[in-house]
Amino acid sequence: MNKKSLLKPLMLVLLVGVFSVIFAVSYAEKIMCKEGLELVLKTSNKQPICLKPDSAKILVERGWATILEEEIVHETVIPAEKERMIKKIDEMRPVYLARESFAMENDIPNIANKYPTVSLRLSEIAGLDVIIFEGSGFRGSHIIDIRIIDDEGNRIKLKTKTTQRGDMLMPWPIPENLEPGIYNVQFWDRVSEHYLTINLE
0 MNKKSLLKPL MLVLLVGVFS VIFAVSYAEK IMCKEGLELV LKTSNKQPIC
50 LKPDSAKILV ERGWATILEE EIVHETVIPA EKERMIKKID EMRPVYLARE
100 SFAMENDIPN IANKYPTVSL RLSEIAGLDV IIFEGSGFRG SHIIDIRIID
150 DEGNRIKLKT KTTQRGDMLM PWPIPENLEP GIYNVQFWDR VSEHYLTINL
200 E
């Protein structure tokens, strides 16, 4: 059995864990609740369900569900072992869209500003075209909001969390309906922001 055939089942196992939230949310986008009900995503099985506002509030407060906003948020936090696997798979076909270092203002007195480095690259995992968001030098264990914005102001909201060392790694499957063109990519760590421009052909 060759190396490539060994990697394929590992890719599929990896995708089940990494993309489970994304697929569940994509399915939920097609559901319309009756008037007076709210659409929530159950954390136990990632299934969408329509509930009365009071019931939805209770589940959200207990951490059993998440209310789905009009702009769908993809949250991806990858365990270390899956992070290593993604890097090995990604080495097969890296195509860089952007790579840049920049300053992020620090809100903590007497601590120097952070200078993270980020890269966006096209790759392929188990037959899916993905963009790999990778970075280092961010605040550790910190939420990073990412916005992908087209020339008409339409945006896709992504969210990930850095490791304790301040590293970031997030694969994002490119939607089939995403049009080729120029996109602005915003990185926001809840204190300051930075924009990159990418060209998807």
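Residue numbers for the sequence shown, in numbering that gives the first Met the number 0: 0 to 200.
We put the CB at the ideal spot given by N, CA and C, even for glycine.
{"query": "How is the beta strand (DSSP E) around Lys51 delimited, first residue to last?", "result": "Looking at the DSSP string, Lys51 is not in any beta strand (DSSP E), and its letter there is neither H nor E."}
{"query": "Could you name the residues that DSSP lists as bridge partners for Glu94?", "result": "Here residue 94 is Val; the residue named in the question, Glu, does not match the sequence. Looking at the DSSP assignment, Val94 forms a beta bridge with Leu121."}
{"query": "Among Asp149, Glu175, Gly152 and Ser140, which residue has its Cα nearest to the Cα of Lys158?", "result": "Ser140"}
{"query": "At the level of alpha carbons, what is the spacing between Ile124 and Ile173?", "result": "11 angstroms"}
{"query": "From what residue to what residue does the beta strand (DSSP E) around Val39 run?", "result": "Glu37 to Lys41"}
{"query": "On the DSSP letters alone, give me the boundaries of the beta strand (DSSP E) that Asn183 sits inside.", "result": "Gly180 to Trp187"}
{"query": "Since Leu195 and Glu99 should fall inside the 8 angstroms C-beta cutoff, what is the C-beta to C-beta distance between them, to a whole number of angstroms?", "result": "6 angstroms"}
{"query": "Using the Cα positions of Ile57 and Cys49, report the straight-line distance between them to the nearest angstrom.", "result": "14 angstroms"}
{"query": "Taking DSSP as the reference, what is the three-state secondary structure of Ile130?", "result": "strand"}
{"query": "To the nearest angstrom, how far is the alpha carbon of Leu119 from that of Val59?", "result": "33 angstroms"}
{"query": "Check Ala64 in the structure and name its three-state DSSP category.", "result": "strand"}
{"query": "Please report the straight-line C-alpha distance between Tyr114 and Phe132, rounded to a whole angstrom.", "result": "16 angstroms"}
{"query": "Any idea if Trp63 is buried or exposed, counting beta-carbon neighbours within 10 angstroms, 16 or more meaning buried?", "result": "exposed"}
{"query": "Just to confirm, is the Cβ distance from Gly145 to Phe101 under 9 angstroms?", "result": "A small correction: the amino acid at residue 145 is Ile; Gly does not occupy that position in the sequence shown. No. Outside cutoff."}
{"query": "Is it right to say Ala97 is buried, meaning 16 or more other beta carbons lie within 10 angstroms of its own, or is it exposed?", "result": "exposed"}
{"query": "What are the boundary residues of the beta strand (DSSP E) that includes Glu200?", "result": "Unbroken run through Glu200: none, as it is neither H nor E."}
{"query": "Going straight from the alpha carbon of Leu199 to that of Asp149, what length do you get?", "result": "11 angstroms"}
{"query": "On the three-state DSSP scale, how would you describe Lys33?", "result": "coil"}
{"query": "Would you tell me roughly how many angstroms separate the C-alpha atoms of Gly241 and Gly126, rounded to the nearest one?", "result": "Summary: the structure shown does not reach residue 241, with the chain confined to residues 0 through 200, and so no result is reported for it."}
{"query": "Out of Ile181, Ser43, Leu121 and Pro47, which has the shortest C-alpha to C-alpha gap to Ile197?", "result": "Ile181"}
{"query": "Can you round the beta-carbon distance between Asp188 and Ile155 to whole angstroms, since I take them to be within the 8 angstroms contact cut?", "result": "Contact doesn't hold; Cβ gap of about 18 angstroms is too wide."}
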